[in-house]
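Scroll down for the structure; my scribbles are underneath it.
Structure, rendered in structure tokens:
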């Protein structure tokens, strides 16, 4: 593909054709027959103009994917303003909602005022359109909460209604294909006997799940060809090309009726495999239920409290608040472990920024629970570990000084910090906030820049690695509350009953590192103190010319398992115009569930707002159950107040249970293989085609918040050749996600999400999925982007191999699901439900995730960090930004194509690239601003035009986390490069003299010229079509 780009640089798109031109371009028709000004294609945010009479565009589907007017058209036409507006979830207040009590029939569920948090992943469509009729698209957050009545097992109050599983649709004939084109992939054969494929939801469901395919076949095992020698920087592709996978948010907000208080979960776990009982399980109430994972029959207890109104039989997602094994009730606050928060502060930050940082630290204390443990470590050339108090109150203020030039073992730190049984860490170096708040506040106020003078040609001495190592030791030396093995067992359930949970499972906390520059001293040094020595760049890593990288990377990798063992995450807040070395820390941050914020200065609004929203997203006070809870099963709860859905969790352990024929390939996101859980219990079968954290069905992470979204990939090529054709389309595959975690208040919870997915016939042709719209393009683009990032994380220097893998995947995908005549590119047709996927891949190749030049390794690490943890809607913005246009004729947000032709001289564009939000004025608009027309009452319409774009931009900024970089610029300003580098270069210096069009009042204007040698999407698609229709042995390999 790459070899054919230069051939098309000098070509000129015909009028109405090209990317975003005629709908006939992608369908292979002659562009000359298209009407002038026709609009179509792209990640479409454009209004259709001059449509042919015989082509009537249909209503836009979910996420702005309009249904094409004809089968096989690549150019989706968009007519309304309701395409691709990421909507915010509207929340409906709930009242008198109750938990489900775990007791017998006499238990009465409590009534309380619930607080539902439907947090916004995007901005409101109404705000984006400035009052215009823009229909918001559900971005995966519940659009409302239906009031649920409190559970009461009394027959007189609640009618007993048996559960009826959803009836499957009746089969409707066979398959049908495109009679006008030769289908290479579908050979004539008998029609499938199964039901039609269900359409993809194209949104996150109420369980926090979003799938790439709404149905998927179980195929036979394939053997690799003997001559194939794939590169190490590649991932295996299944027969369907895009694997069966999903995006799952473990702490997705749920309603209170999904909760079970003080319940024992032993009888709900399979005695063989540990899978949980669910509404999909075959059962006879009061007698037995059948596990869908291993087909084992399990008996209910004689005095079972499980009835048809149990939440597990009413919802696919249910959450158990575990009872304390000793008291048989909800864990009391006195015995609940409290999280620890260790502030590690850089003392080399300039004095002006230090004042702002002190204020931010003091505000951060207000977000912590009163019983939380806090600690303070400051560092410069040396490391100071501050003692805050003792068991008997505040003593004198003192600190322990550590050399920052060498690594310290646990024994040496124990000796230097004078830790012993009589002088433990608890109460001295880590103490409850309520006891030491005054001392800690005074210490923070006295933080000042180090007095040592630093020459202008030198960098200051920073012992960052030694400070982080000391904070890790404090968490390891922190003695948890004394708990019995029976109490610790509550975390793990029957599936891993072999041994008690480790003592470290009751420790949990965060290390918050605030640094203003690179580490220059100690085992984690990333650069020398001489400014003449530049920080490493991508080219240095590729050519292996990084003298500090390997040692620093190994040091932080050694800290990672130590942090995971004590359920502690590393959060890094870097404020520097230069790199600070977060690339070396990336695994220590990502794999522990930590947060990475990289900004310029502590005084900048980006840092201040990001830190504020960091605490809002954690919301450590949410999800607490206060007052008297259920003391034991059978006694009513006396009242529940506050929120019920926690925003974060510590000590997270996840497990995936699947039915036979579905094997987990791995997980992508903030997680690790749970080695300890695999030792305690039997492991399930997994796919040999590992991706990310693979080779297991159990994962763990120190910390998760409500927005973290993980990707799980599955392998369905598990059947033998004799079994492959015998599977029925009526069978469904079972997948269950089990998440065990501890809330900031110490409540032990287990969330179980059980779903079933239709299994399609293995002989189903590709058009079986395309005609039903069973493919979610945006979810698939996010999964593929994460897979590509995982390749680059494992092989940092294999940029070309990763891009080649991406090209191969796209060619195979289009070849499988399109119709064409071999050797004739103009005959290629792609169904509308797949038409945006090539555009996603084009923009992914041009994004920061595949850049080597003009981007630092730290910035690349920062953007990969958020790609691997955010939801689908946010990740799509990182891959392919949105573009809105404002002009005199349409002074509201008008979705436009991500194309240079959209950058006119007489309009304003608003680009949302997630990390960057930019307003760019055309040259004519900028001249009017310079002439102060917007201040003249006679031109109030022009002032409203400027205000409309500004208002929509502020709506985006008000919800985005982390706070994006925002700028206003004219088309010739320096900040305009952020917009011009992300649009398709349809008007470049090769063909700029040909790109004219009618402007306002009939004037002739010219679109902005993009000075780049990058291939346009016209050349990309042309090359793609040629590669697809070329059927030979070399292309197949």
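In the UniProt record's numbering, the protein residues as written are 1 to 1037.
C-beta: ideal position from N, C-alpha, C; glycine also.
Only a predicted model underlies this, so the values are computations on that prediction, with no experimental measurement involved.
What does the alpha-carbon distance come out to for the pair residue i and residue j?
i            : j           : result
residue 420  : residue 411 : 11 Å
residue 786  : residue 389 : 46 Å
residue 791  : residue 345 : 34 Å
residue 620  : residue 646 : 8 Å
residue 559  : residue 467 : 12 Å
residue 292  : residue 682 : 18 Å
residue 562  : residue 662 : 33 Å
residue 778  : residue 873 : 8 Å
residue 309  : residue 278 : 12 Å
residue 858  : residue 579 : 6 Å
residue 1026 : residue 706 : 44 Å
residue 942  : residue 518 : 47 Å
residue 716  : residue 688 : 12 Å
residue 427  : residue 441 : 17 Å
residue 320  : residue 259 : 6 Å
residue 431  : residue 270 : 42 Å
residue 804  : residue 569 : 35 Å
residue 400  : residue 376 : 11 Å
residue 932  : residue 801 : 53 Å
residue 849  : residue 794 : 14 Å
residue 610  : residue 961 : 6 Å
residue 1038 : residue 208 : Past the boundaries of the shown model lies residue 1038; the chain is included only from 1 to 1037, so the question cannot be answered.
residue 210  : residue 783 : 11 Å
residue 1024 : residue 837 : 12 Å
residue 262  : residue 564 : 28 Å
residue 272  : residue 753 : 19 Å
For the beta strand (DSSP E) containing residue i, name the first residue and the last one.
i           : result
residue 387 : 382-387
residue 970 : 965-970
residue 894 : 894-896
residue 658 : 648-658
residue 289 : 288-290
residue 234 : Per DSSP, residue 234 belongs to no beta strand (DSSP E) and is neither H nor E.
residue 840 : Not the beta strand (DSSP E): residue 840 falls in the alpha helix (DSSP H), residues 837-846.
residue 211 : 209-211
Go to residue i, then tell me how far its alpha helix (DSSP H) extends in each direction, as first and last residue.
i           : result
residue 801 : 799-817
residue 616 : 605-618
residue 510 : From DSSP, residue 510 is part of no alpha helix (DSSP H) but of the beta strand (DSSP E) over 509-515.
residue 671 : Counting along the chain, residue 671 falls outside any alpha helix (DSSP H), and DSSP gives it neither H nor E.
residue 269 : Premise fails: residue 269 is in no alpha helix (DSSP H) and is neither H nor E.
residue 703 : Not the alpha helix (DSSP H): residue 703 falls in the beta strand (DSSP E), residues 698-705.
residue 257 : Segment: none, residue 257 is in no alpha helix (DSSP H) and carries neither H nor E.
Among the residues of its own chain, which have a CB less than 7 Å from the CB of residue i, if the five just before and after it don't count?
i            : result
residue 1038 : Nothing about residue 1038 can be read from this structure; the chain reaches only from 1 to 1037.
residue 1029 : 820, 822, 823, 824, 825 and 828
Please go through the same chain and pick out, in chain order, the residues whose beta-carbon is closer than 6 Å to the beta-carbon of residue i, but skip the five residues on each side of it.
i           : result
residue 967 : 918 and 975
residue 607 : 575 and 599
residue 471 : 342, 344, 377 and 511
residue 692 : 666, 667, 668 and 790
residue 252 : 208
residue 315 : 258
residue 772 : 196, 197 and 199
Can you list, in chain order, the residues of its chain with a C-beta nearer than 8 Å to that of residue i? Leave out the 5 residues immediately preceding and following it.
i           : result
residue 289 : 277, 281, 282, 283, 297, 298 and 300
residue 370 : 432, 433 and 434
residue 844 : 781, 784, 785, 788, 806, 850, 879 and 880
Problem set entry | beta strand (DSSP E) segments (min. 3 residues) lying fully within the segment 712-774 | 717-719, 732-742 and 748-760
For this session: Assess, as a yes-or-no matter, whether the segment 882-899 is touched by the segment 973-992 under the definition of 3 or more beta carbon pairs within less than 8 Å.
Result: yes
Problem set entry | contact_flag[the segment 522-532, the segment 356-365] where n(CB pairs < 8 Å) is 3 or more | The segment 522-532 is not in contact with the segment 356-365.
Problem set entry | Those runs of the alpha helix (DSSP H) which lie wholly inside the segment 292-356 and span at least 4 residues | none
Exercise. Counting only runs that start and end within the segment 526-574, where is the alpha helix (DSSP H) found for 4 or more residues in a row?
Worked result: 538-542 and 549-565
For this session: Run through the UniProt domain "Gelsolin-like" (895-973) for me and flag every whole beta strand (DSSP E) of 3 or more residues, listed as ranges in chain order.
Result: Listed in chain order, they are 908-912, 916-921 and 965-970.
Problem set entry | Contact between the segment 373-385 and the segment 438-456 (3+ Cβ pairs under 8 Å) | yes
For this session: Please confirm if the segment 745-753 is in contact with the segment 238-247, defined as three or more CB-CB distances below 8 Å between the two stretches.
Result: no
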